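Residue numbers (my numbering): 2 to 214. Let me begin by presenting the structure, written as structure tokens, before commenting on it.
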Amino acid sequence: MPDVPTIRIVVVDDHPLFVRGLELLLPATTAKRTEVVGSTGDASAAASLASRCQPDLALVDLHMPPPGGVRAVAAIRRTAPRVRVVAMSGGDDAALALEALRAGAEGFLPKSSEPEELLPPLLAILDGWAVLPSELLRALLRPSRSSAVDLDTEERRLLRAVAGGRSTVEIAEDLHVSERTVKRMIAALLRKLRVSSRAEAAALAGQVGLLGD
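Here's what the structure looks like:
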């Protein structure tokens, strides 16, 4: 059986016990499929940490001293765009989580998650899925921001694919177009929805009328 590549993770969090717990427990609970390769308690150092360690994922606590977790998310996305960013928080502040998604986070996970529960969502995020707890998703769907958005049939089909977590390759095969074309189409769709990430588009997708035929 071939070796499964280890998922390299950096943690941006100013709670040393939480960070140390992840360093110890993530490898133990995931059969060494994950490894914390770096950490910082300084949000302003998040981007340099990501550049230096070249991780697959960055876990970022949103409740950090200035410049704060949301800015850390944005800085990582600018400096290391290939790194998938996962926002984390000990609270259930939907507004702050939405800010993180707008800043480029691909998902949100509560810090109360057990280490053994983290591998499936982390793998899903690496595979292009947007991961949000159901409670947060419902909170994000309450506003009617998209009620005025008029999507044509192809745009609705594309949004359904994005909301369903389908990869760029899968969407290209479904639509019989190139991956580059799909990326352009998704970028145009995000602009029309006035969102900045697939995760936020997925959150908006469930609103009344947005995906109706």
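Glycine is no exception: its CB is placed at the ideal position from the N, C-alpha and C atoms. Here the structure is a predicted model, which is why all the values come from computation and not from measurement.
Taking residue i as the reference, which of the options has the closest Cα?
| i | options | result |
| --- | --- | --- |
| Thr169 | Ser135, Asp128, Cys54, Leu123 | Asp128 |
| Arg85 | Ala164, Ile8, Arg34, Ala203 | Ile8 |
| Ser52 | Ile126, Asp14, Arg78, His177 | Arg78 |
| Arg34 | Leu119, Val132, Ser90 | Leu119 |
| Ile126 | Leu205, Pro28, Leu60 | Leu60 |
| Asp15 | Leu25, Ala32, Thr41 | Thr41 |
Would the beta-carbon of residue i fall within 8 Å of that of residue j?
| i | j | result |
| --- | --- | --- |
| Leu63 | Val71 | yes |
| Pro82 | Pro111 | no |
| Arg47 | Val5 | It should be pointed out that residue 47 corresponds to Ala in this sequence rather than to Arg. Contact: no. |
| Pro116 | Thr30 | yes |
| Ala73 | Ala44 | yes |
| Glu180 | Ala188 | no |
| Val38 | Leu23 | no |
| Leu194 | Leu176 | no |
| Ala203 | Ala131 | yes |
Going by DSSP in three states, residue i sits in which element: helix, strand or coil?
| i | result |
| --- | --- |
| Leu194 | helix |
| Pro111 | strand |
| Arg9 | strand |
| Ala202 | helix |
| Arg103 | helix |
| Gly129 | coil |
| Arg21 | helix |
| Ser40 | strand |
| Arg34 | coil |
| Ala81 | coil |
| Val86 | strand |
| Val178 | coil |
| Leu60 | strand |
| Ser145 | Confidence at Ser145 is low in this model, with a pLDDT of 48, below 50, so its placement is unreliable and the value that follows should be read with caution. Note: Ser145 maps to coil in three-state DSSP. |
| Leu152 | coil |
| Ser168 | coil |
| Met186 | helix |
Under the rule that 16 or more other beta-carbon atoms within 10 Å means buried, what is residue i, buried or exposed?
| i | result |
| --- | --- |
| Leu18 | exposed |
| Gly92 | exposed |
| Ser113 | exposed |
| Pro56 | buried |
| Gly108 | buried |
| Thr154 | exposed |
| Leu99 | buried |
| Val178 | exposed |
| Leu1 | Outside the displayed span of the chain (2 to 214) sits residue 1, for which this structure offers no information. |
| Leu50 | buried |
| Ala32 | exposed |
| Leu137 | buried |
Our contact map puts residue i next to residue j with C-beta atoms below 8 Å; I'd like the distance itself, whole angstroms only.
| i | j | result |
| --- | --- | --- |
| Leu190 | Leu160 | 6 Å |
| Glu201 | Leu97 | About 14 Å; that fails the 8 Å criterion. |
| Val163 | Arg199 | 5 Å |
| Cys54 | Val11 | 5 Å |
| Ser197 | Gly69 | Actually they are not in contact, since the Cβ atoms of Ser197 and Gly69 sit about 18 Å apart, beyond 8 Å. |
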